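First the structure, in the form of structure tokens, and then the observations on it.
2 protein chains.
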Amino acid sequence: MAETTRAWRTVLDHLERELGEGRLGPGDRLPGERELAARLGVGRSSVREAVRVLDVMGVVRTATGSGPSAGAIIVARPGAGMSTMLRLQTAAQAFGVDDVVATRVALEVAVVGTLAAAYDDTHLAPARELLVAMGDDALAPEEFLALDARFHLALAEATGNQVMLAVMAGLRTAIEDYVRLGLARIDDWSATGARLHAEHTALLDAVASGRADAARTCVADHIHGYFAQIRP
Amino acid sequence: MAETTRAWRTVLDHLERELGEGRLGPGDRLPGERELAARLGVGRSSVREAVRVLDVMGVVRTATGSGPSAGAIIVARPGAGMSTMLRLQTAAQAFGVDDVVATRVALEVAVVGTLAAAYDDTHLAPARELLVAMGDDALAPEEFLALDARFHLALAEATGNQVMLAVMAGLRTAIEDYVRLGLARIDDWSATGARLHAEHTALLDAVASGRADAARTCVADHIHGYFAQIRP
DNA sequence: TGCTACGGTGTGGTCAGACCACACGACGAG
DNA sequence: CTCGTCGTGTGGTCTGACCACACCGTAGCA
């Protein structure tokens with residue numbers, strides 16, 4: 001029952017402990033790969049595997065060269081890591097589109113409920129701007145959907161909840177291809193775009209006026225409606 | 001502005017494409033590291049970095065030796081990957097405990113709402129068993145919390161939504177240390193345990209009888225109440 | 001005095017090669 | 001027919017080497 005710990009696991013555990021106990025924090029630089037290897041008694045390649053994991057997960061950012069901006073720097077970018085992960089899990093068929101959509105609805109419902117209850121109009125400015133931008137009839141479907149994604153993320157960002165923001169960004173990324181392919185199933189885009197815009201407007205109105213229940217219903221119907229339309 | 005693609009990124013992109021286009025799926029084995037390196041024209045260490053990422057994310061499982069169970073096998077274990085990721089993000093101070101808890105509430109509310117609406121009692125058996133187990137007054141706090149975690153995950157699992165299950169597992173893991181440390185803030189554990197158990201019972205009753213609104217309120221109060229109690 | 005060009009230096013990025021532990025599976029001995 | 005053994009291919013790890021890059025001190029020049 002030896003269960004020998006892998007060398008890269010040693011490094012990852014070490015770095016996680018350093019992070020958790022506050023010896024490393026956002027903006028700090030990790031020790032150099034060579035030094036870390038020597039300190040932990042492992043090879044440099046093992047250190048690199050651990051650092052690569054942190055890199056892809058959006059915990060650190062690596063850069064070559066010298067000076068303050070080089071090396072592995074701790075930078076909280078959870079949205080990127082979450083996107084990569086959920087995209088891979090979806091590609092590996094661990095997640096189904098329906099489950100992703102249902103989870104997204106659950107979070108969006110919570111987001112608009114929170115915003116409506118907080119009744120803090122100042123944070124809604126970015127969402128309003130995106131709403132205006134989406135009112136342009138000349139937008140191509142892909143452009144509209146890109147703005148749509150930013151609109152929903154702007155709502156999440158307005159709550160200030162970094163976890164919800166990251167997860168929602170990841171969920172959106174995971175089904176990006178599915179959504180793009182779904183465009184082909186929409187016969188009359190101009191009607192659809194107009195409907196989506198009207199739903200966005202109603203949603204933001206409900207949020208801004210503090211009607212939480214109405215906002216929750218709006219957003220759930222909005223998302224479910226669209227995915228019902230593009231479902232094969 | 002060359003933006004040379006990293007060798008490991010080449011490998012990761014390749015594998016993601018193979019997964020997404022169905023050439024690789026759950027249960028399949030990845031090509032050997034040496035072969036993959038030769039095929040993509042990169043070094044073996046670069047292949048290993050990419051595979052390590054998939055490993056930690058719970059997309060593949062690696063094993064030494066020979067035979068059908070050896071090598072890198074695609075195995076959907078999203079909960080493990082999500083746990084690692086959220087734990088690291090929390091350690092790196094990208095996520096705050098309050099945000100994690102709020103997200104967990106949002107998902108749990110959706111879970112119990114779904115279950116109450118579905119009114120499918122058969123899937124609730126695991127949760128019922130855990131509820132009974134938690135009724136034991138002799139349980140140590142740590143044991144109770146372990147069962148509590150499994151109880152909430154059992155509810156998520158009853159919905160069949162793999163995404164919610166994975167994210168909830170990850171959220172729970174991310175604040176595991178916080179919860180454990182929080183035990184010290186509870187003066188009278190026996191009273192707290194009894195209250196939690198009563199809340200669990202009421203929650204499951206509401207779900208089983210189809211009272212969705214009651215279930216939602218129950219679970220939100222349940223979680224918020226506990227974390228308000230252990231908040232410093 | 002000031003500025004410019006240049007090389008030193010240390011960082012991550014990558015590769016090649018070697019060796020190890022391991023587990024399966026074929027094959028030979030009994 | 002059974003059992004032990006050894007070949008073989010897998011991932012795991014280390015070492016050493018080289019590269020590209022970005023900073024920064026410094027020497028040289030104006």
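Chains as they are written, first to last, in full-length UniProt numbering: chain A, 1 to 232; chain B, 1 to 232. Using N, Cα and C, we set each Cβ at its ideal position, and we do this for glycine too. This structure is a prediction, so every number in the text was calculated from the model and none was measured.
Short Cβ contact (8 Å threshold) for residue i with residue j
| i | j | result |
| --- | --- | --- |
| alanine 158 of chain B | histidine 123 of chain B | yes |
| alanine 206 of chain B | alanine 125 of chain B | no |
| alanine 166 of chain A | methionine 82 of chain A | yes |
| methionine 57 of chain B | leucine 88 of chain A | yes |
| alanine 50 of chain A | threonine 62 of chain A | no |
| tryptophan 8 of chain A | serine 46 of chain A | yes |
| isoleucine 175 of chain B | valine 97 of chain B | yes |
| alanine 168 of chain A | leucine 107 of chain A | It should be noted that the sequence gives methionine, not alanine, for residue 168 of chain A. Yes. Within cutoff. |
| histidine 222 of chain A | leucine 203 of chain A | yes |
| arginine 44 of chain B | valine 53 of chain A | no |
| valine 163 of chain B | valine 163 of chain A | no |
| aspartate 121 of chain B | alanine 212 of chain B | no |
| residue 238 of chain A | arginine 48 of chain A | In this structure chain A extends from 1 to 232, so residue 238 of chain A is not present and cannot be described. |
| arginine 216 of chain B | valine 109 of chain B | yes |
| residue 239 of chain B | tyrosine 119 of chain B | Outside the shown range of chain B, which is 1 to 232, sits residue 239 of chain B, and nothing can be said about it. |
Separation of residue j from residue i, as counted between CA atoms
| i | j | result |
| --- | --- | --- |
| methionine 1 of chain B | alanine 140 of chain B | Summary for methionine 1 of chain B: the model assigns pLDDT 40, below 50, so the residue's position carries little reliability, and this model does not support an answer. |
| aspartate 28 of chain B | threonine 64 of chain B | 16 Å |
| glycine 135 of chain B | isoleucine 230 of chain B | 22 Å |
| arginine 23 of chain A | threonine 84 of chain B | 19 Å |
| threonine 103 of chain A | alanine 184 of chain A | 24 Å |
| tyrosine 178 of chain A | glycine 170 of chain B | 25 Å |
| valine 219 of chain A | threonine 10 of chain B | 38 Å |
| leucine 86 of chain B | threonine 173 of chain B | 8 Å |
| aspartate 113 of chain B | arginine 39 of chain B | Aspartate is not the amino acid found at residue 113 of chain B; the sequence shown has glycine there. Approximately 50 Å between the Cα atoms of the pair. |
| alanine 133 of chain A | aspartate 13 of chain B | 33 Å |
| threonine 192 of chain A | tyrosine 226 of chain A | 9 Å |
| arginine 128 of chain A | valine 105 of chain A | 21 Å |
| threonine 201 of chain A | glutamate 142 of chain B | 48 Å |
| glycine 20 of chain A | tryptophan 189 of chain B | 27 Å |
| leucine 15 of chain B | glycine 182 of chain B | 42 Å |
| alanine 138 of chain A | phenylalanine 144 of chain A | 10 Å |
| proline 232 of chain A | alanine 80 of chain A | 29 Å |
| valine 111 of chain A | threonine 4 of chain B | 39 Å |
| glycine 41 of chain B | aspartate 55 of chain B | 22 Å |
| arginine 180 of chain A | alanine 228 of chain A | 14 Å |
| serine 66 of chain A | glycine 160 of chain A | 35 Å |
Whole-angstrom C-beta distance between residue j and residue i, which should lie under 8 Å
| i | j | result |
| --- | --- | --- |
| valine 60 of chain A | leucine 36 of chain A | So it is not a contact: roughly 12 Å between Cβ atoms. |
Counting only runs of 3+ residues fully inside the UniProt domain "HTH gntR-type" (5-77) of chain B, write out the beta strand (DSSP E) ranges in chain order.
60-63, 71-74
Contact between the region 131-150 of chain B and the region 182-199 of chain B: three or more CB pairs below 8 Å?
yes
Report yes or no: do three or more beta-carbon pairs, one from the region 79-99 of chain A and one from the region 69-82 of chain B, lie closer than 8 Å?
Because the criterion of three Cβ pairs below 8 Å is met, the region 79-99 of chain A and the region 69-82 of chain B touch.
Can you list the alpha helix (DSSP H) stretches of 4 or more residues lying completely in the region 164-202 of chain B, in chain order?
176-182
Run through the region 86-136 of chain B for me and flag every whole beta strand (DSSP E) of 3 or more residues, listed as ranges in chain order.
none
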